[in-house]
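For reference, the structure is listed below as structure tokens.
Protein chains: 4
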Amino acid sequence: MNYTFKRTIYLNETDAAGVIYFANLLIICHQGYEESLANFGINLNNLVKETDCAIPIIHSETDFFKPIFWGDQILIKIIGQLINETEFYLNYHIFKTEGERKLAQAKTVHVGININTRKRTNLPEKILTWLTLDNLT
Amino acid sequence: MNYTFKRTIYLNETDAAGVIYFANLLIICHQGYEESLANFGINLNNLVKETDCAIPIIHSETDFFKPIFWGDQILIKIIGQLINETEFYLNYHIFKTEGERKLAQAKTVHVGININTRKRTNLPEKILTWLTLDNLT
Amino acid sequence: MNYTFKRTIYLNETDAAGVIYFANLLIICHQGYEESLANFGINLNNLVKETDCAIPIIHSETDFFKPIFWGDQILIKIIGQLINETEFYLNYHIFKTEGERKLAQAKTVHVGININTRKRTNLPEKILTWLTLDNLT
Amino acid sequence: MNYTFKRTIYLNETDAAGVIYFANLLIICHQGYEESLANFGINLNNLVKETDCAIPIIHSETDFFKPIFWGDQILIKIIGQLINETEFYLNYHIFKTEGERKLAQAKTVHVGININTRKRTNLPEKILTWLTLDNLT
């Protein structure tokens, strides 16, 4: 799966140091993941109810190369990959909209769990299909 | 009900203007409300499950008199009042810890609703009792 | 000034009660205000530096009529009005995208202050012009 | 450096899945870092102004082992280590207050930069001293 997400940095995402607060980058990346699913017709809220499968994040990473400021236009390239039938990861490459300076990168790892037992379970079919798609826009 | 809550302002609560982001003051006030309930032995999460009564906020207000900075020690005096058996409000008076400059004030109005019907319902007994308490610390 | 802003509710904006966390509605409204300025060519970050005038919020209000859920499409109609040369307010009317149920409303009051003295000052020309515009999209 | 931080999980830190929103764990960890500095007498806001040295995060990681719910009492053990004179890391081990289930862990890497040039610079003396302390409470 790959998907490109464009965003402006809002005031609430910055801090008194004048740049984006580090953990907010993960929130923005997750919003891109949600938008990519929505664009493919997946409402994650409904999917959980239909399948009894929730998809929590078990691992995340971020690296910051350049400061990101209030009002900056950013572009996030999301690349998703199945690890096995219960698990996938998403890589996020964050650029300035104009030109190609890589500002930051991030990764999240997601697993399927049964919402009643909280044990690992296979990911829903729709998620598997979504993960096979290229140039989703 | 009245309760005093002390807090330091954290970096994530500020923005690029160098002061607290306005909506974060409401989050901090709500944390004081949760702490006041916890101090009285109410776990709101469990209370909802036991009584099928959720207590959403239907109205909020804030007024800012002085800027609040990263690292500031603040003190919030919370005063609660029953309006009727389905509704109460909380007033929040925000001061600097040292001295008596009023930095800001806020208000939230809360109503009991049945979580299945989402219709108004009487507030749980424990909430009514908590609202009658003075100098809860 | 009037401006219409469309948004999906993201997971990070909801809470364990299953609906949008009340203070997050103000954050979303402020993002609409920022987008309206950006659409008119105002970068608030640069404007502050050019004019030494910051525009903090001194008052906010919200009213909630219906719950707002994760994944909901919302539409915010923003109406801005000058109060005097140092002060303006914004009203926000929040609807479901499909149809006309009013979900919530909000208000913010903004004042110009000199960033060095933190005293009231006239709003920048660009803000006054932006406030006169109709059907800004 | 090691420091133990206790916290209750607030409603605003959870999401519609009923547990803590993943990125909020990093915010809570950073609050523990700020509290550890404050306990040692360091106001990071003032330190930046005095030394022209800011200390942004260049890398973060989190691992989640068990769900963390609204109202949960958590205990974070923070262990800090100097890497070289411009760089240190913090490890965070998150437990339930009662007993010893490890719920999650996190890591942040911090570098000193000159706020004017944004180039790497030696960390302030106070930070180096703080990093040598054991059982800071």
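Chains as they are written, first to last, in the numbering used here: chain V, 710 to 846; chain G, 710 to 846; chain X, 710 to 846; chain D, 710 to 846.
Just so it is clear, CB atoms sit at the ideal spot from N, CA and C, and this is done for glycine as well.
Using DSSP with H/G/I as helix, E/B as strand and the rest coil, what is residue i?
i                         : result
alanine 815 of chain G    : strand
asparagine 754 of chain D : helix
glutamate 770 of chain X  : strand
leucine 720 of chain V    : helix
asparagine 733 of chain D : helix
glycine 780 of chain X    : coil
leucine 832 of chain G    : coil
alanine 763 of chain D    : strand
glutamate 796 of chain V  : strand
leucine 791 of chain D    : strand
asparagine 711 of chain D : strand
asparagine 823 of chain D : strand
Between residue i and residue j, how many whole angstroms is the CB-CB distance? I'm expecting something under 8 Å.
i                            : j                            : result
leucine 734 of chain G       : alanine 815 of chain G       : 6 Å
serine 745 of chain V        : isoleucine 718 of chain V    : Not confirmed; about 19 Å, so no contact.
lysine 775 of chain D        : leucine 812 of chain D       : 5 Å
isoleucine 737 of chain X    : arginine 716 of chain X      : 6 Å
phenylalanine 749 of chain X : leucine 842 of chain X       : 7 Å
glycine 741 of chain V       : phenylalanine 714 of chain V : 3 Å
threonine 723 of chain G     : alanine 725 of chain V       : 4 Å
isoleucine 751 of chain V    : glycine 821 of chain V       : 14 Å between Cβ atoms; not a contact.
glutamate 743 of chain G     : leucine 720 of chain D       : 6 Å
So with Cβ pairs under 8 Å, would you call residue i a contact of chain G?
i                            : result
phenylalanine 714 of chain D : no
threonine 806 of chain D     : no
leucine 720 of chain V       : yes
arginine 810 of chain X      : no
phenylalanine 797 of chain X : no
histidine 739 of chain D     : yes
Between residue i and chain X, is any beta-carbon pair separated by less than 8 Å?
i                         : result
arginine 770 of chain G   : The sequence given here has glutamate at residue 770 of chain G, not arginine. Yes, glutamate 770 of chain G counts as interfacial toward chain X.
threonine 838 of chain D  : no
isoleucine 751 of chain G : no
histidine 742 of chain D  : Per the sequence shown, the amino acid found at residue 742 of chain D is tyrosine instead of histidine. False, the Cβ-Cβ gap to chain X never drops below 8 Å.
glycine 727 of chain D    : yes
asparagine 754 of chain V : yes
threonine 717 of chain V  : yes
Tell me, please, whether the CB atom of residue i is closer than 8 Å to any CB atom in chain V?
i                            : result
threonine 723 of chain G     : yes
phenylalanine 778 of chain X : yes
Closer than 7 Å by C-beta to residue i: which residues in its own chain qualify, once you throw out the five before and the five after it? Chain order, please.
i                         : result
leucine 784 of chain X    : Thr713, Lys715, Phe804, Thr806
asparagine 823 of chain G : Asp761, Cys762, Thr830
arginine 810 of chain G   : Lys775, Phe804
arginine 827 of chain D   : none
alanine 747 of chain X    : none
valine 728 of chain G     : Pro776, Ile777, Phe778
asparagine 825 of chain X : Asp761
lysine 835 of chain V     : Ile751, Leu756
Under 8 Å between C-beta atoms, does residue i make it to chain D?
i                       : result
leucine 735 of chain V  : yes
alanine 747 of chain G  : yes
arginine 829 of chain V : no
tyrosine 730 of chain X : yes
Among residues of its own chain, excluding the 5 on either side of residue i, which ones have a beta-carbon nearer than 6 Å to its beta-carbon?
i                         : result
isoleucine 766 of chain G : Thr817, His819
histidine 768 of chain V  : Val818
leucine 791 of chain D    : Phe797, Leu840
valine 657 of chain X     : Nothing can be reported for residue 657 of chain X, as the shown portion of chain X is limited to 710 through 846.
Beta-carbon within less than 8 Å of residue i's beta-carbon, same chain only, minus the 5 sequence neighbours each way: which residues are those?
i                            : result
alanine 780 of chain X       : Inspection of the sequence shows that residue 780 of chain X is occupied by glycine rather than by alanine. Here the set comprises Thr717, Ile718.
phenylalanine 731 of chain D : Thr771, Phe773
Under 8 Å between C-beta atoms, does residue i make it to chain C?
i                      : result
proline 765 of chain X : No chain C appears in this structure, whose protein chains are V, G, X and D.
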